[in-house]
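Before any comments, here is the structure.
2 protein chains.
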Amino acid sequence: MPRRSYDQYCAVARALDAVGERWSLLIVRELLGGPRRYTDLHADLPGVSTDILATRLKQLEGEGLVERRRLERPANATVYELTPRGAELRPVVEALAHWGGPDLGEPRPTDAVREHWYTTTA
Amino acid sequence: MPRRSYDQYCAVARALDAVGERWSLLIVRELLGGPRRYTDLHADLPGVSTDILATRLKQLEGEGLVERRRLERPANATVYELTPRGAELRPVVEALAHWGGPDLGEPRPTDAVREHWYTTTA
DNA sequence: GTAGTGACTTGGAAAGTCCAACCTATTGGC
DNA sequence: GCCAATAGGTTGGACTTTCCAAGTCACTAC
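For the record, the sequence lines run as chains A and B.
Under UniProt numbering, the first residue of the first sequence is numbered 1, with each subsequent residue one higher.
Under UniProt numbering, the first residue of the second sequence is numbered 1, with each subsequent residue one higher.
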């Protein structure tokens, strides 16, 4: 179990308690684009290990931010998708994307690419 | 040194690389209220250990988000304050505060207290 | 000179993360 | 039925980060 728990009486701290761990917000960002399978999440998040991905998905599910849904035939797969509460994190991800976007990168993207980022990550 | 570094080409990942570590955003939240001394930060962030606080402040300083400034007499203290770039994190902290605020807490605050949170954390 | 801040540093234990390998089911040929 | 592939994980061990308590060093007040 994650030993986090900063300070229960601060709104920011409570938010970080829920999604402040490594990879959590990046998983949310992926899911903001729609439901995804475990394997696809693993492929789209370079560097995340399978155990951490499984752990984070369970945590997010336990917090009511993500739901596990099994697709029937012919797809026959398990997908993860955001709950309404999880989707409310969109402004947080957008704010981070905006802050980390244009002014930080070394390999400066073109305006076209940057536009792509904003529309896909936000 | 922190071995983070998710994926350099994603804006959200780059943002989290800078401020995604434990306590970083809470320190920023404190400094959004104005310059603070080390000891006051330590007192206002219940649970942070002194070594982590010192480490995070150096990291944030190294990233150009926080500046260390020595006050002369009679105060004769060292204060930390946000750079303009660091202050640009305000929307991120606001989004987190808004998300973590009204709908999550168990010891539901009164509206007056909640108002206090928004104005002081945002 | 001794007591008390302020601003850290250090050492060791605990917790979290990474990596590679393994496991169980289901599907799809042949 | 048999073999390989894919999906969705679990497990063990090394490595890294965080926690906690204690100690350091500079300065001021008395």
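Ideal placement from N, C-alpha and C gives every residue a C-beta, glycine not left out.
No experiment lies behind these values; they were computed from the predicted model shown.
Best match in the options for proximity to residue i [C-alpha to C-alpha]
i              : options                                   : result
residue 136(B) : LEU60(A), ALA95(A), SER5(A) and GLY34(A)  : No statement about residue 136(B) is possible, as the shown extent of chain B runs from 1 to 122 and does not include it.
LEU16(B)       : ALA15(A), ALA11(A), TRP23(A) and CYS10(A) : TRP23(A)
TYR80(A)       : GLU88(A), ALA95(A), VAL66(A) and SER49(A) : VAL66(A)
PRO84(B)       : GLU72(B), GLY47(B), LEU71(B) and GLY64(B) : GLY64(B)
Bridge partners - residue i, DSSP secondary structure assignment
i        : result
ARG37(A) : VAL79(A)
VAL66(B) : LEU82(B)
Proximal residues to residue i (C-beta, below 8 Å), its chain only, five neighbours per side dropped
i        : result
LEU53(B) : TRP23, ILE27, TYR38, LEU41, HIS42 and LEU45
ARG69(A) : PRO35, THR78, VAL79, TYR80 and GLU81
GLU21(B) : PRO2, ARG4, ARG56 and GLN59
GLU72(A) : none
TYR9(A)  : none
Cut-off 6 Å between Cβ atoms - residues of its own chain near residue i, not counting five sequence neighbours on either side
i        : result
ARG14(B) : none
GLY86(B) : LEU65 and VAL66
GLY47(A) : none
ASP7(A)  : ALA13
Environment of residue i [buried if 16+ CB atoms lie within 10 Å]
i         : result
ALA97(B)  : buried
ALA11(B)  : buried
GLY100(A) : buried
LEU60(B)  : buried
ALA18(A)  : buried
ALA95(A)  : buried
7 Å CB neighbourhood of residue i in its chain, flanking five on each side removed
i        : result
THR50(B) : HIS42
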